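Structure, as structure tokens:
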Amino acid sequence: MKEHFSSVWTREPRTTKSPALGREQIVRAAMTLLDSEGPDALSMRRLGAKLGSGATSIYWYVANKDELLELVLDEVYGEFDVPDVDETSWRNVAASFAYGMRQALMRHPWVINLVGCTPALGPNAMRMMGRLVATFDRAGFRGMDQDYAASALMSYVIGVTTPELSWRNTMERTGLDSNALNAAIQPVVEKAAADHPELAARYAEFRGMDVDTARALNFEFGLTCLLDGLEARLNRAASRPTVPPGDRAASRPAAPPGVPPARPRHSS
């Protein structure tokens with residue numbers, strides 16, 4: 001059987017069937033459901049009940065749940081802040097984007113599971129990636145390095161934020177705040193590290209720390225290191241001899257674009 005793929009963004013939108021229900025309303029309701037109850041709670045039936053219209057009405061606007069997830073993903077991408085590079089330095093733009101992305105992921109933790117498996121082809125994603133790539137172009141990155149830099153930045157934010165969200169889920173499950181949960185875990189950690197005195201001493205220092213402050217500083221430290229590394233790469237590239245134009249294509253490795261690639265899915 002021949003496989004084919006589709007996206008809600010590349011097919012012709014249907015004419016509005018009912019003035020009482022629109023795509024924006026559906027997306028807002030879906031995001032409210034996802035934010036409050038998580039991805040397992042989202043179904044066309046539940047969403048239809050929330051809208052008071054039934055699942056059949058929703059299918060007029062989206063062909064399936066995959067298309068609905070494309071819409072909500074792009075809505076979240078619209079919350080990522082990418083300032084105009086003409087108004088500030090590339091490092092400030094990249095840092096602002098990283099903090100904006102982190103905040104959006106913390107507001108909508110379910111979206112992490114969509115990045116990389118749901119196509120990011122909507123207008124917000126395109127606008128965001130266009131500005132981000134333009135930022136790295138203005139910085140001096142060339143060719144695929146622009147996409148690699150954007151991908152590294154996004155991957156860093158996702159990598160650091162994911163365990164933070166897991167920690168927050170544990171807080172909700174136990175009913176403990178961040179510092180109380182850390183205090184409860186500390187004796188177990190110290191016991192596990194008993195045969196590693198250098199680690200035990202380090203863990204003992206964590207006993208009185210404010211966890212949220214430590215996580216914020218951890219994010220800032222890693223982001224600064226990443227930006228320092230990108231800047232060092234730019235500086236090294238500026239000091240190298242120019243590669244003749246005919247040799248550039250042959251020396252460039254193949255790689256996916258900056259937005260994490262989508263895993264293929266069947267249209268239905």
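Going by full-length UniProt numbering, the sequence shown wraps up at 268, each residue one higher than the last. Built from N, CA and C at the ideal position, the CB exists for glycine as well. Quick caveat, the model's predicted, so the values are computed rather than measured.
C-alpha gap between residue i and residue j, whole angstroms
i, j, result
"Ser43", "Trp9", "21 Å"
"Glu34", "Arg215", "One detail in the question is off: residue 34 reads as Leu in this sequence, not Glu. Each residue's alpha carbon lies about 25 Å from the other."
"Lys50", "Phe141", "47 Å"
"Asn92", "Ala139", "11 Å"
"Arg263", "Ile185", "At Arg263, the pLDDT of 44 sits below 50, so the modelled position is not reliable and the matter cannot be decided from this model."
"Val133", "Phe221", "23 Å"
"Arg11", "Arg102", "31 Å"
"Leu47", "Ala120", "22 Å"
"Asn235", "Gly130", "24 Å"
"Leu176", "Ile158", "24 Å"
"His196", "Asn64", "53 Å"
"Thr162", "Val82", "21 Å"
"Asp147", "Gly52", "43 Å"
"Ile58", "Met106", "28 Å"
"Gly38", "Arg45", "15 Å"
Of the residues the options, the one placed nearest residue i, counting alpha carbons only
i, options, result
"Tyr156", "Ala98, Tyr203, Val133, Thr170", "Ala98"
"Thr213", "Leu226, Asp145, Ala237, Ser178", "Ser178"
"Thr32", "Glu190, Pro109, Ala200", "Pro109"
"Met128", "Ser151, Pro197, Gly143, Ile112", "Ser151"
"Gly54", "Ser166, Ile26, Gly38", "Ile26"
"Met154", "Pro123, Gly116, Ala194", "Gly116"
"Thr118", "Glu231, Ser6, Arg236, Arg240", "Ser6"
"Glu75", "Gln146, Ser36, Met126", "Met126"
"Val189", "Phe206, Pro83, Arg173", "Phe206"
"Gly100", "Asn113, Tyr77, Thr174", "Tyr77"
Supposed close pair residue i, residue j - CB separation, criterion 8 Å
i, j, result
"Val72", "Ala30", "5 Å"
"Asn182", "Val211", "5 Å"
"Glu79", "Ala104", "4 Å"
"Ala194", "Ala200", "6 Å"
Unbroken alpha helix (DSSP H) run spanning residue i, endpoints
i, result
"Thr135", "123-139"
"Asn235", "211-239"
"Asp74", "65-77"
"Arg11", "Run containing Arg11: none; DSSP gives neither H nor E here."
"Pro187", "178-192"
"Phe97", "90-107"
"Ala201", "197-205"
"Trp60", "Premise fails: Trp60 is in no alpha helix (DSSP H) and is neither H nor E."
Strand pairing of residue i, partner residues [DSSP]
i, result
"Thr118", "Val115"
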